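Colleague:
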RNA sequence: CGCGGGAUAGAGCAGUUUGGUAGCUCGUCGGGCUCAUAACCCGAAGGUCGCAAGUUCAAAUCUUGCUCCCGCAACCA
């Protein structure tokens with residue numbers, strides 16, 4: 019897949035472009051595809067204009083989650099990681115992604131490089147060993163901050179008493195970098211794109227940074243800290259390990275031949291991992307005395323009907339399925355054109371079809387067909403440009419005005435506006451044909467003008483094909499072939515950089531590039547109620563099949579369930595989800611219960627109604643409020659309902 | 001009063017910095033054209049620019065207050 023073009027001059031610009039390394043606990047979905055396609059587009063563009071480009075993607079394979087996921091499937095961890103990593107790689111190959119390197123955090127070179135970095139940071143004094151002192155719940159195997167504890171002692175998870183436990187860990191002095199980070203954000207207004215995200219990060223950093231625990235001793239599946247430190251039970255924290263891939267891919271700490279690619283021009287990421295890239299990563303780099311990346315660009319989510327995609331909702335879009343059905347490059351175009359960078363976008367086959375039929379078919383494909391028809395009928399496909407500027411200078415100027423606006427848009431990640439602007443020349447061309455009516459020109463014997471018009475159209479198409487090439491590599495090569503020229507660094511230089519016209523085109527008839535799509539290709543899952551219920555039943559069966567632990571009746575009776583009457587309800591201030599209830603359990607037993615049901619029930623409608631309460635739950639503290647019980651409710655994709663007695667019962671009635 | 005972004009035609013967006021005729025894409029309707037993939041071109045309908053008040057000759061744009069939405073943080077016992 020490597021297509022990296024070497025630079026002819028020594029002074030030429032470097033372009034190191036990265037995607038995140040994808041975590042192998044999931045198979046590739048549209049979000050992964052989106053990030054990767056953006057990066058690929060930037061990489062192809064950057065090669066085309068002659069920059070020395072290095073495009074990196076890969077997989078992140080360490081951490082407890084992977085260890086557990088493999089165990090659950092009865093596989094060795096390495097075997098499992100190999101399988102998922104392979105799925106990512108084959109997906110990108112299917113997507114014609116032109117990555118120069120596919121890194122895996124299980125690569126030997128990566129581990130060595132990550133260890134070298136750890137050592138450097140340690141030697142500098144930025145990593146120090148300390149004990150993580152905290153309130154530890156033995157049964158939950160988790161530390162809790164003081165503020166979460168119930169009555170300053172009990173575990174908020176299970177209610178058992180916590181003990182103060184000291185666990186050793188290595189820490190990174192993130193707090194030392196707070197001011198330096200703020201200075202970096204301040205001096206580099208475009209370091210984080212879109213700009214709204216930069217604000218978010220600045221506010222977060224201003225609120226104070228604590229040192230970061232960067233090793234774990236609770237699992238093995240990770241990179242050991244360097245041998246020199248002689249502390250073999252410590253494994254690097256996954257994010258430290260993962261972020262380092264951007265350096266180790268260039269050979270940091272091993273064969274450093276490619277290190278001249280650093281710093282990265284752009285790290286493309288999804289908005290979920292902004293904090294790691296915008297705070298931890300620059301701080302690590304500062305510690306290593308490395309220059310910082312030029313841009314960290316965070317894009318938004320793809321939704322379905324405005325809802326987040328999730329496996330449980332069954333509305334996940336499989337990118338390969340879409341690419342197979344609608345055409346890979348059409349899908350690439352759609353993803354980049356449809357959504358303003360940084361914002362969320364809604365995926366639907368309807369929207370995709372509209373883009374294909376309207377933008378690609380009507381505006382672009384049909385224009386090429388018009389030219390094929392005209393030039394074939396009138397000039398046998400032989401088109402010359404020498405008189406274009408004599409008759410159509412206005413149109414040429416309009417086209418050039420658009421073309422020159424393109425590059426800055428790309429550097430600002432404004433891919434959707436880039437494509438919008440790129441479509442303007444097509445409109446100029448379509449308009450010109452109608453305005454000057456070549457068929458009339460031919461009837462009137464004004465062949466010269468008709469020829470020049472063909473030349474205008476052909477040159478506009480050539481310009482558009484070149485600038486569209488990074489988004490639709492194969493399609494644009496076909497367009498170029500039909501026009502009789504080649505898309506490469508030379509034609510880019512001549513046509514786009516120098517703004518020259520191609521003198522002559524030999525136009526060849528090709529079948530329509532974007533045949534009209536009349537109907538949705540993939541059957542939409544009816545997705546209405548019956549389907550959902552079916553899915554849920556299956557899930558439940560699966561749960562049983564996998565063996566939800568069986569309990570004895572005695573164990574069941576350990577839980578005290580009671581009917582309670584809500585005598586007072588109010589909203590918890592500043593909380594999106596919580597309501598504060600006073601529940602009467604009879605015998606003067608009035609419980610204060612904090613419940614996360616505000617999104618589905620208002621305080622007023624609850625007062626006087628009955629609920630089912632777990633009465634012997636250890637108290638917990640939520641938003642600083644004590645909660646002495648749990649209200650039973652059932653929640654699914656459509657919302658949450660409380661479990662209530664069918665008819666009113668006396669407060670305090672036992673449920674069994 | 002935790003931080004930030006937003007509300008403009010049926011949908012999606014631009015315009016707000018620097019007040020001066022409200023614009024683009026898709027969709028709808030009417031017309032034109034035949035080189036073309038029922039495509040292309042022209043035209044029309046459709047908006048009290050979230051609400052209220054203020055400044056001004058003039059407010060989508062500036063000021064103040066309010067409502068609602070969406071991110072981040074917190075949070076589902």
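Residue numbers (the numbering used here): 19 to 674. Cβ coordinates follow ideal geometry from the N, Cα and C atoms, glycine included. It should be emphasised that the depicted structure is a prediction, and the values quoted were computed from it without experimental measurement.
With burial defined as no fewer than 16 other Cβ atoms inside 10 Å of the residue's Cβ, what is the status of residue 658: buried or exposed?
Modeller: For this step, residue 658 is matched to residue 640 along the first chain. Classification for residue 658: exposed.
Colleague: What alpha helix (DSSP H) runs, 4 residues minimum, are completely inside the segment 68-131?
Modeller: Within the segment 68-131, the complete alpha helix (DSSP H) runs of at least 4 residues are 82-90, 95-112.
Colleague: Over the uninterrupted alpha helix (DSSP H) stretch that includes residue 319, give me the two end residues.
Modeller: In the first chain, the residue the question calls residue 319 occupies position 301. First-last for residue 319: undefined, no H or E at that position.
Colleague: Taking the C-alpha atoms as reference points, what is the distance between residue 630 and residue 601?
Modeller: If you number the first chain from 1, residue 630 lands on position 612. If you number the first chain from 1, residue 601 lands on position 583. So the two alpha carbons sit approximately 10 angstroms from each other.
Colleague: Three-state secondary structure (DSSP) at residue 361?
Modeller: Here residue 361 is taken as the residue at index 343 of the first chain, counted from 1. Residue state, collapsed to three classes: coil.
Colleague: Across the segment 209-224 and the segment 236-251, are there enough close Cβ pairs to call them in contact, namely three or more that are closer than 8 angstroms?
Modeller: Judged by Cβ distances under 8 angstroms, the segment 209-224 makes no contact with the segment 236-251, as fewer than three pairs qualify.
Colleague: Hey, could you find the ends of the alpha helix (DSSP H) residue 577 is sitting in?
Modeller: The residue you call residue 577 lines up with position 559 of the first chain. Here residue 577 belongs to no alpha helix (DSSP H), and DSSP marks it neither H nor E.
Colleague: Alpha carbon to alpha carbon, what distance is there between residue 599 and residue 574?
Modeller: Taking the first chain and counting its residues from 1, the one referred to as residue 574 is at position 556. Taking the first chain and counting its residues from 1, the one referred to as residue 599 is at position 581. Roughly 26 angstroms separates the two Cα atoms.
Colleague: Is it buried or exposed, residue 146, if we count other Cβ atoms within 10 angstroms and call 16 or more buried?
Modeller: As a position in the first chain, residue 146 is number 128, starting the count at 1. Exposed is the call here.
Colleague: Provide the residue span of the alpha helix (DSSP H) that contains residue 408, from first to last.
Modeller: Taking the first residue of the first chain as position 1, residue 408 is located at position 390. Run containing residue 408: 406-429, per the alpha helix (DSSP H) assignment.
Colleague: Here's the rule I'm using: 16 or more other beta-carbon atoms within 10 Å means buried, otherwise exposed. How should residue 477 be labelled?
Modeller: In the first chain, residue 477 corresponds to position 459, counting from 1. It counts as buried.
Colleague: Using 10 angstroms around the beta-carbon of residue 257, count the other beta-carbons present and answer buried if the total reaches 16, otherwise exposed.
Modeller: By 1-based counting over the first chain, the position of residue 257 is 239. Its Cβ being crowded by 16 or more others within 10 Å, residue 257 is buried.
Colleague: Compute the beta-carbon to beta-carbon distance between residue 79 and residue 124, rounded to the nearest angstrom, for a pair I have assumed lies under 8 angstroms.
Modeller: Mapped onto the first chain, residue 79 falls at position 61. Mapped onto the first chain, residue 124 falls at position 106. Right, their Cβ atoms sit about 5 angstroms apart.
Colleague: Report the three-state DSSP secondary structure of residue 401 (helix, strand or coil).
Modeller: Here residue 401 is taken as the residue at index 383 of the first chain, counted from 1. Correct three-state label for residue 401: strand.
Colleague: Under DSSP, the alpha helix (DSSP H) around residue 636 begins and ends at which residues?
Modeller: In the first chain, the residue the question calls residue 636 occupies position 618. It is not in any alpha helix (DSSP H) - residue 636 carries neither H nor E in the DSSP assignment.
Colleague: Quick one: is residue 278 buried, meaning 16 or more other Cβ sit within 10 Å of its Cβ, or exposed?
Modeller: Taking the first chain and counting its residues from 1, the one referred to as residue 278 is at position 260. Residue 278 is exposed by the Cβ-count criterion.
Colleague: Would you mind reading off the limits of the beta strand (DSSP E) that contains residue 616?
Modeller: As a position in the first chain, residue 616 is number 598, starting the count at 1. Taken as a continuous stretch (DSSP letters only), residue 616 belongs to no beta strand (DSSP E), as it is neither H nor E.
Colleague: Taking the alpha-carbon positions, what's the residue 531 to residue 493 distance?
Modeller: To locate residue 531, count along the first chain from 1; it is residue 513. To locate residue 493, count along the first chain from 1; it is residue 475. Roughly 8 angstroms between the two C-alpha positions.
Colleague: Between 484, 621, 246, which has its C-alpha nearest residue 130's C-alpha?
Modeller: Walking along the first chain from the start, residue 130 turns up at place 112. Measuring from the Cα of residue 130, the nearest candidate turns out to be 246.
Colleague: Where are the alpha helix (DSSP H) runs, 4 residues long or more, that stay fully inside the segment 209-263, in chain order?
Modeller: Runs found: 213-224, 256-261.
Colleague: Might you give, ordered along the chain, the residues of its own chain that have their beta carbon closer than 8 angstroms to the beta carbon of residue 434, omitting 5 neighbours on each side?
Modeller: In the first chain, residue 434 corresponds to position 416, counting from 1. Result list for residue 434: 354, 355, 356, 357, 358, 359, in chain order.
Colleague: Provide the residue(s) that pair with residue 524 in DSSP beta bridges, ordered along the chain.
Modeller: Position 506 of the first chain, counted from the start, is the residue given in the question as residue 524. Residue 524 pairs with 400.
Colleague: When the distance is taken between beta carbons, is residue 304 closer than 9 angstroms to residue 135?
Modeller: What you label residue 135 is simply residue 117 of the first chain in a count that begins at 1. What you label residue 304 is simply residue 286 of the first chain in a count that begins at 1. Going by C-beta atoms, residue 135 is not nearer than 9 angstroms to residue 304.
Colleague: Does the beta-carbon distance from residue 243 to residue 313 come in below 9 angstroms?
Modeller: Position 225 of the first chain holds residue 243. Position 295 of the first chain holds residue 313. Not a contact, by the Cβ cut-off of 9 angstroms.
Colleague: Determine whether the beta carbon atoms of residue 33 and residue 283 lie at a separation below 9 angstroms.
Modeller: By 1-based counting over the first chain, the position of residue 33 is 15. By 1-based counting over the first chain, the position of residue 283 is 265. Contact: yes.
Colleague: Inspect the beta-carbon positions of residue 457 and residue 310 and report whether they are closer than 9 angstroms.
Modeller: As a working note, residue 457 is residue 439 in the first chain. As a working note, residue 310 is residue 292 in the first chain. Not closer than 9 angstroms, so no.
Colleague: Taking only the alpha-carbon atoms, compute the straight-line gap between residue 417 and residue 463 and give it to the nearest angstrom.
Modeller: By 1-based counting over the first chain, the position of residue 417 is 399. By 1-based counting over the first chain, the position of residue 463 is 445. Whole-angstrom Cα-Cα distance: 28 angstroms.
Colleague: Is residue 40 helix, strand or coil by DSSP?
Modeller: Numbered from 1 along the first chain, position 22 holds the residue referred to as residue 40. It is a strand residue.
Colleague: What is the C-beta distance between residue 320 and residue 81, in whole angstroms, given that I count them as a contact (C-beta under 8 angstroms)?
Modeller: Stepping through the first chain from its first residue, residue 320 is reached at position 302. Stepping through the first chain from its first residue, residue 81 is reached at position 63. Their Cβ separation, rounded to whole angstroms, is 25 angstroms, which puts residue 320 and residue 81 out of contact at 8 angstroms.
Colleague: Got a sec, what are the start and stop residues for the beta strand (DSSP E) residue 643 sits in?
Modeller: Taking the first chain and counting its residues from 1, the one referred to as residue 643 is at position 625. Taken as a continuous stretch (DSSP letters only), the beta strand (DSSP E) holding residue 643 covers 643-645.
Colleague: Between residue 564 and residue 292, what straight-line distance do the alpha-carbon atoms span, to the nearest angstrom?
Modeller: Locating residue 564 in the first chain gives position 546, where the first residue counts as 1. Locating residue 292 in the first chain gives position 274, where the first residue counts as 1. The predicted model places residue 564 with a pLDDT of 32, which falls under 50 and marks its position as unreliable; any figure quoted below should be read in that light. Taking the straight line from one Cα to the other gives about 36 angstroms.
Colleague: Report the rounded CA-to-CA distance for residue 366 versus residue 322, giving the unit in angstroms.
Modeller: The count along the first chain starts at 1 and reaches residue 366 at position 348. The count along the first chain starts at 1 and reaches residue 322 at position 304. One C-alpha to the other measures close to 7 angstroms.
Colleague: With a CB to CB cut of under 6 angstroms and the five nearest residues on each side skipped, what residues in its chain are close to residue 540?
Modeller: Taking the first residue of the first chain as position 1, residue 540 is located at position 522. Excluding residues within five positions, the ones whose Cβ falls inside 6 angstroms are 343.
Colleague: Looking at the structure shown, is residue 609 part of a helix, part of a strand, or coil, going by DSSP?
Modeller: Taking the first residue of the first chain as 1, we reach residue 609 at position 591. It is a strand residue.
Colleague: Quick check on DSSP: helix, strand or coil for residue 490?
Modeller: One-based indexing of the first chain puts residue 490 at position 472. Three-state result, residue 490: coil.
Colleague: For residue 491, which of 254, 250, 348, 536 has the nearest alpha-carbon?
Modeller: In the first chain, residue 491 corresponds to position 473, counting from 1. Selected option, being the one with the closest Cα: 348.
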